[in-house]
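Numbering-wise (the numbering used here), the sequence shown opens with residue 221 and increments by one. To keep things clear, I will list the structure first and then write my remarks on it.
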Amino acid sequence: MNMTCKHRLLSLLLLGALLIGMVGSVPTEAATMSELENKLEKLEKQEKEIKNNLASANTDLSASQERKDLLDSQIDNVTEQIDLLESQLATTNKSIRDKQAEIEQAVADIKAKEDAIRATHDLLGQRLRAIAKTGNLSAIQRLLNTDNYTDYLLKAKAAECIARQDQQTMDELEAALAEINRQKGLLEQEKAAIEQEKASLESLKAKSDSKKKQLDTLYAAAQSEVRKLQSTVSSYNKKLEETRKKIEEADAAIEALIKSTQSVGKYDQSMMYWPVPTVRAISSYYGERWGTIHRGIDIANGPIPIYGQNIVAAADGVVIAVNYTSWYGTGWSYGYGYCVIVDHGVDSKGRSIHTMYAHASKMFARVGDKVVGGKTVLAQAGNSGDVNGPHLHFEVRVDGVRVNPYGTYVHPNVN
Ligand SMILES: [Zn+2]
């Protein structure tokens with residue numbers, strides 16, 4: 221055997237190994253694709269849950285924020301009230317001090333008048349006593365500092381005159397004293413009224429202070445709640461971002477797998493067959509759902525319960541992926557449950573067309589099966605995987621990318 225022959229043999233062996241590898245790789249590749257589909261469904265479910273959690277956390281947050289803002293304005297009101305009361309109290313205290321000073325002045329005036337009255341009274345008494353004791357001349361003479369009776373009489377007359385003046389002075393002083401005492405009484409009444417007012421202001425202030433204290437406590441609680449919810453919201457946002465990234469990665473992987481698979485046959489139907497002939501109701505359309513895109517249609521809620529109804533191939537083709545190993549799937553495959561992917565070949569524009577059927581209860585299709593549109597039963601509908609109730613989740617992929625099948629590829633009233 222020469223080198224060329226050896227080379228040729230080696231090439232043949234390599235080619236054989238490659239072919240065996242390719243044949244052998246079909247189910248593996250298909251299983252991987254199915255797992256990726258399941259993974260994608262699971263991630264979308266997770267995204268939905270996170271979005272719901274995020275929405276409710278955001279609702280809680282805005283409620284807390286509102287509570288906090290309300291408390292904030294209440295605290296402002298109470299603080300304003302306290303400031304006003306404090307300024308009123310300051311004014312009142314000044315009034316009390318002023319009244320007190322006036323009262324003290326009145327007391328001093330009273331004392332001065334009383335002293336004057338007492339002095340006048342004493343002097344008058346002495347003089348009156350001296351005049352009364354006319355029988356004791358020597359005593360009165362001594363008092364009046366006189367030596368003879370004529371002088372005494374003159375002086376006694378003078379003393380009488382002075383005594384009358386003293387009496388008048390005293391009367392005037394007593395009238396003034398009475399007036400000052402009356403004014404003092406008025407001042408004391410006014411002071412008492414102001415003190416009463418001060419007491420009521422102080423009681424109002426005490427109430428406001430205690431209300432402010434309560435509000436401060438509530439405010440602190442609301443503030444800490446807001447902070448907590450803000451951190452919850454940001455953690456949900458982070459999770460949501462991570463999940464979205466995973467969804468994008470998984471979706472891209474499925475697309476890449478479909479693109480790497482050589483489509484067989486030709487897709488030339490104007491419309492596909494309705495995948496569940498006995499149930500022609502749609503429970504959820506393609507498009508926005510829970511803030512995300514539902515990339516398929518859900519078939520359920522017709523007059524006949526969907527569970528156990530036959531799922532047929534929507535068009536002629538070949539089964540390229542099946543998940544029938546576990547009800548829920550395991551690990552990455554959790555979500556879609558029992559599911560099938562069918563390759564329908566290439567359409568007139570050269571694009572590969574695939575369909576996917578998820579959440580089945582019983583699987584009939586096997587990888588590599590050739591299927592006939594509207595006839596071949598792939599599975600029976602159910603509620604396997606991550607579902608809220610039995611339904612068929614049906615997808616159409618064009619060149620690996622999911623499109624809205626409704627109206628364009630399927631319609632409940634056509635086929
Ligand atoms: Zn669905």
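Glycine included, every Cβ here is placed at the ideal spot set by N, Cα and C. Note that the structure is a prediction, hence the values are computed from the model and not measured.
Could you name the residues of the same chain whose beta carbon sits closer than 6 Å to that of Arg-571, not counting the 5 residues immediately before and after it, in chain order? Val-618, Asp-619
Rounded to whole angstroms, what is the Cα-Cα separation between Arg-338 and Asp-386? 11 Å
Quick check on the contact list: which residues have their beta carbon closer than 5 Å to a heavy atom of ligand 2? The model on display carries ligand 1 but not ligand 2.
Which class does Gly-345 belong to by DSSP, given the choice of helix, strand or coil? helix
I'd like the list of long-range same chain contacts for Gln-301, defined as Cβ closer than 6 Å, with 5 residues on each side in sequence excluded. Ser-428
Let me know if Ser-604 comes out buried or exposed under the rule of 16 or more other beta-carbons within 10 Å of its beta-carbon. buried
So Asp-536 and Gly-602 are in contact, right, with Cβ under 8 Å, and what is the actual spacing, rounded? About 25 Å; that fails the 8 Å criterion.
Tell me the DSSP bridge mates of Asp-211? The structure shown does not extend to residue 211, since the chain spans only 221 to 635, so no value can be given for it.
Taking the DSSP output, what are the residues bridged to Arg-622? Arg-617
Can you tell which of Pro-610, His-514, Ile-519 has the C-alpha that lies nearest to the C-alpha of Lys-268? His-514
Distance, Ile-573 Cα to Met-492 Cα: 11 Å
Counting only runs of 3+ residues fully inside the stretch 295-323, write out the beta strand (DSSP E) ranges in chain order. none
Delimiting residues of the beta strand (DSSP E) encompassing Asp-518: 517-519
Separation of Ser-504 from Gly-528, as counted between CA atoms: 19 Å
Out of Asp-563, Gly-516, Gly-522, which one is the CA nearest neighbour of Val-538? Asp-563
Straight-line Cα distance separating Lys-331 from Leu-407: 17 Å
Put Thr-370 into one of helix, strand or coil per three-state DSSP. helix
For Leu-309 and Ile-316, I'd like the C-alpha separation in whole angstroms. 10 Å
Looking at C-alpha atoms only, which residue of Glu-322, Gln-320, Ile-295, Asn-635 is the closest neighbour of Pro-495? Asn-635
Would you kindly report the start and end of the unbroken beta strand (DSSP E) that includes Gln-482? Here Gln-482 belongs to no beta strand (DSSP E), and DSSP marks it neither H nor E.
For the beta strand (DSSP E) that Asn-530 lies in, which residues bound it at each end? 530-532
Is the separation between the beta-carbon of Asp-296 and that of Ile-400 shorter than 8 Å? no
Please report the distance separating the alpha-carbon of Asn-313 from that of Lys-375. 59 Å
Close Cβ partners of Val-621 (< 7 Å) along its chain, the five nearest in sequence each way excluded: Glu-475
Can you name the start and end residues of the beta strand (DSSP E) that Ser-503 belongs to? 502-504
Closer than 7 Å by C-beta to Gly-522: which residues in its own chain qualify, once you throw out the five before and the five after it? Chain order, please. Val-499, Arg-500, Ala-501
So if DSSP puts Thr-512 in a beta bridge, which residue, or which two residues, is it bridged to? Arg-509
Helix, strand or coil, according to DSSP, for Ser-254 in the structure here? helix
Relative to the C-alpha of Ala-336, which residue among Lys-288, Gln-346, Val-298, Asp-391 is closest? Asp-391
Less than 8 Å between the C-beta atoms of Gly-557 and Ala-580, yes or no? yes
To the nearest angstrom, report how far apart Val-246 and Ser-480 are at their CA atoms. Confidence at Val-246 is low in this model, with a pLDDT of 42, below 50, so its placement is unreliable and the value that follows should be read with caution. Going by the C-alpha atoms only, they are around 11 Å apart.
Using the three-state DSSP reduction, which class does Asn-543 fall into: helix, strand or coil? strand
Of all the options Val-560, Val-591, Asn-272, which has the alpha carbon lying nearest to the alpha carbon of Met-583? Val-560
Hey, quick one: how far does the beta strand (DSSP E) through Ala-599 stretch, first residue to last? 597-601
DSSP three-state assignment for Ala-580, whether helix, strand or coil: strand
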